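Asker: Residues 120 to 468 (the numbering used here) make up the sequence shown, in order.
The C-beta atom is built at its ideal place from N, Cα and C for all residues, glycine as well.
Computed from a predicted structure; not experimentally measured.
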Amino acid sequence: MRAKSAPSAASAASAASARTAAQFVALLVLGAVLLALGLAIGSLGWSPWTEAGDTMRLILWDIRAPRSLGAWLAGALLALAGAVAQGLFRNPLADPYLLGCSAGASLGVAALLFVMGISPAAAALALRVGMTGAAFVGAIGAVLLTLVLARGVTQSLRLLLAGVVVGVVLGSGAALLTLMNPDILRAMQAFMLGSTGYVGWSAVQVMAVALGLCLLTALGCSRTLDALTLGEDTARSLGQRLTLIRLLLIAALSLATGAAVAQCGLIAFVGLVAPHLVRSWGPTTHGALLLLSALTGGALLLAADIAARWVIAPQELPVGIITALLGGSYLLWLMHRRKAHFGGAGGGQ
120 MRAKSAPSAA SAASAASART AAQFVALLVL GAVLLALGLA IGSLGWSPWT EAGDTMRLIL
180 WDIRAPRSLG AWLAGALLAL AGAVAQGLFR NPLADPYLLG CSAGASLGVA ALLFVMGISP
240 AAAALALRVG MTGAAFVGAI GAVLLTLVLA RGVTQSLRLL LAGVVVGVVL GSGAALLTLM
300 NPDILRAMQA FMLGSTGYVG WSAVQVMAVA LGLCLLTALG CSRTLDALTL GEDTARSLGQ
360 RLTLIRLLLI AALSLATGAA VAQCGLIAFV GLVAPHLVRS WGPTTHGALL LLSALTGGAL
420 LLAADIAARW VIAPQELPVG IITALLGGSY LLWLMHRRKA HFGGAGGGQ
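(1) Under 7 Å between the Cβ atoms of residue 393 and residue 336?
(2) Do you know whose CA, among 436, 450 and 373, lies nearest residue 215's CA?
(3) Counting along the chain, where does the alpha helix (DSSP H) carrying residue 336 start and finish?
(4) Whose CA, out of 376, 427 and 441, lies closest to the CA of residue 413?
(5) Could I get the ranges of all uninterrupted beta strand (DSSP E) runs contained in the region 147-225, with 3 residues as the minimum, in chain order?
(6) Tell whether a beta-carbon distance below 7 Å holds between residue 193 and residue 420.
(7) Can you tell me whether DSSP reads residue 449 as helix, strand or coil?
(8) Ends of the alpha helix (DSSP H) at residue 394?
(9) Have a look at residue 334 and residue 325 and give me their C-alpha separation to the nearest angstrom.
(10) Let me check understanding here. Comparing Cα to Cα, which of 432, 426, 299 and 434 lies closest to residue 444?
(11) Given a cut-off of 7 Å, decide if residue 358 and residue 282 are closer than it, judged by their beta-carbon atoms.
(12) Apart from the five residues just before and just after residue 323, which ones in its own chain have a Cβ nearer than 8 Å to its Cβ?
(13) Just the C-alpha distance for residue 288 and residue 442, rounded to the nearest angstrom, thanks.
(14) Counting along the chain, where does the alpha helix (DSSP H) carrying residue 293 start and finish?
(15) Mark residue 341 as exposed unless 16 or more other C-beta atoms lie within 10 angstroms of its C-beta, in which case mark it buried.
(16) Quick one: any contact between the region 250-269 and the region 285-300, if contact means 3 or more CB pairs under 8 Å?
(17) Using DSSP with H/G/I as helix, E/B as strand and the rest coil, what is residue 461?
(18) Among 133, 148 and 140, which one has its Cα closest to the Cα of residue 469?
(19) Measure the CB-CB distance between residue 204 and residue 213 and report whether it falls below 7 Å.
(20) Please state whether DSSP places residue 369 in a helix, a strand or coil.
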């Protein structure tokens with residue numbers, strides 16, 4: 120029996136590795152195809168490819184290219200953060216905004232816009248900071264506040280509750296500032312719905328660096344995430360340094376979410392749906408899950424951005440509306456399928 124079980128386990132591991140490699144290549148090809156579509160789709164269609172001139176070159180390389188790459192990078196960051204959050208908190212409904220990042224970013228942007236209307240000096244200072252800087256500072260500040268309220272990272276439940284409290288309080292602060300100055304409502308609405316239309320090459324560079332750092336950190340901690348699926352006590356008995364690993368993972372989660380939100384606003388469901396999609400393709404370790412989730416999230420958000428440009432062209436929809444529709448529909452379908460599966464299993468008994 121032992122002689123038979125060893126080759127069986129080896130063949131199963133080999134099959135899993137082959138499946139992961141195939142999925143990795145397929146997602147890379149899909150991303151490349153979507154990037155090509157992103158360069159082609161816009162109010163002028165294919166004309167920037169076929170017509171010469173500085174204007175057409177500007178449209179293609181300074182507008183469409185960074186926007187498409189930025190959408191892919193933002194989706195990858197959010198999906199990576201979602202996979203980290205779900206593994207760290209052992210909660211399939213965890214998303215990148217769980218620790219208050221979204222509310223903190225919203226408050227940062229609302230405070231910036233509110234200050235700009237106080238005086239010319241305040242407006243000049245606010246312009247130096249920029250909406251991107253305000254959103255990033257707000258997101259990171261919210262996470263730090265969550266850690267303070269949770270008294271560290273040792274208890275997952277306390278972290279979750281602190282994140283919920285911080286999100287509610289900071290979200291209320293952003294809403295209050297918006298009500299006090301209705302002139303900023305339109306800008307806040309654009310931020311809350313998410314947009315990739317303002318992403319430039321500098322934003323692409325920031326998100327690329329953030330993705331590299333966060334992906335390396337998360338992959339380095341992937342074995343601890345595998346151990347955590349068996350419970351915290353088991354993970355400790357296996358020699359995992361949970362406090363240090365939690366700090367590293369929360370730092371990666373916060374940086375990934377803050378970088379994406381600062382550049383593209385609040386984009387719903389990508390970080391929640393992408394890891395579920397990867398899991399639906401078959402069982403996998405967290406190392407493969409993190410990498411495939413990032414590739415899947417990039418493809419999802421880039422596809423949503425292309426759809427946002429195309430559906431009511433030459434006008435555009437906020438990309439957050441597309442992701443909410445697609446992500447919400449997928450989760451409803453997944454819930455219905457699981458309910459039907461368990462219902463059938465129960466009926467068979």
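Answerer: In this structure, then:
(1) As a first step, residue 393 must be located in the sequence shown, where it is residue number 274. As a first step, residue 336 must be located in the sequence shown, where it is residue number 217. The answer is no: Cβ separation not under 7 Å.
(2) Start at 1 with the first residue of the sequence shown, and residue 215 comes out as number 96. Among 436, 450 and 373, the Cα nearest to that of residue 215 belongs to 373.
(3) For the purposes of this step, residue 336 is taken as residue 217 along the sequence shown, with counting starting at 1. Run containing residue 336: 320-339, per the alpha helix (DSSP H) assignment.
(4) In the sequence shown, residue 413 corresponds to position 294, counting from 1. Nearest option by C-alpha distance: 376.
(5) none
(6) Within the sequence shown, numbered from 1, the residue matching residue 193 stands at position 74. Within the sequence shown, numbered from 1, the residue matching residue 420 stands at position 301. Their beta carbons are under 7 Å apart, which means residue 193 touches residue 420 by this criterion.
(7) Sequence index remark: in the sequence shown, residue 449 carries index 330 (1-based). Residue state, collapsed to three classes: helix.
(8) Against the sequence shown, residue 394 aligns to sequence position 275. Taken as a continuous stretch (DSSP letters only), the alpha helix (DSSP H) holding residue 394 covers 389-399.
(9) Mapped onto the sequence shown, residue 334 falls at position 215. Mapped onto the sequence shown, residue 325 falls at position 206. Approximately 14 Å, taken between the alpha carbons.
(10) As a first step, residue 444 must be located in the sequence shown, where it is residue number 325. Ranking the options by Cα distance to residue 444, first place goes to 426.
(11) Translated into positions along the sequence shown, residue 282 becomes position 163. Translated into positions along the sequence shown, residue 358 becomes position 239. Cβ atoms of residue 282 and residue 358: not closer than 7 Å.
(12) To locate residue 323, count along the sequence shown from 1; it is residue 204. Within the same chain, residue 323 has close Cβ partners 185, 188, 189 and 192.
(13) For the purposes of this step, residue 288 is identified with residue 169 of the sequence shown, where counting begins at 1. For the purposes of this step, residue 442 is identified with residue 323 of the sequence shown, where counting begins at 1. Those two C-alpha atoms are separated by around 26 Å.
(14) To locate residue 293, count along the sequence shown from 1; it is residue 174. Residue 293 -> alpha helix (DSSP H) spans 275-299.
(15) Reading the sequence shown from its first residue, position 222 is the one you call residue 341. Flag for residue 341 reads buried.
(16) yes
(17) Here residue 461 corresponds to residue number 342 of the sequence shown, with the count starting at 1. In this predicted model, residue 461 has a pLDDT of only 41, less than 50, meaning its place in the structure is not dependable; the value taken from the coordinates is given anyway. Here residue 461 sits in helix by DSSP.
(18) No answer is possible for residue 469: the residues shown for the chain start at 120 and end at 468.
(19) Your numbering for residue 204 matches position 85 in the sequence shown. Your numbering for residue 213 matches position 94 in the sequence shown. Cβ atoms of residue 204 and residue 213: closer than 7 Å.
(20) For the purposes of this step, residue 369 is taken as the residue at position 250 of the sequence shown. Of the three classes helix, strand and coil, the one that applies to residue 369 here is helix, per DSSP.
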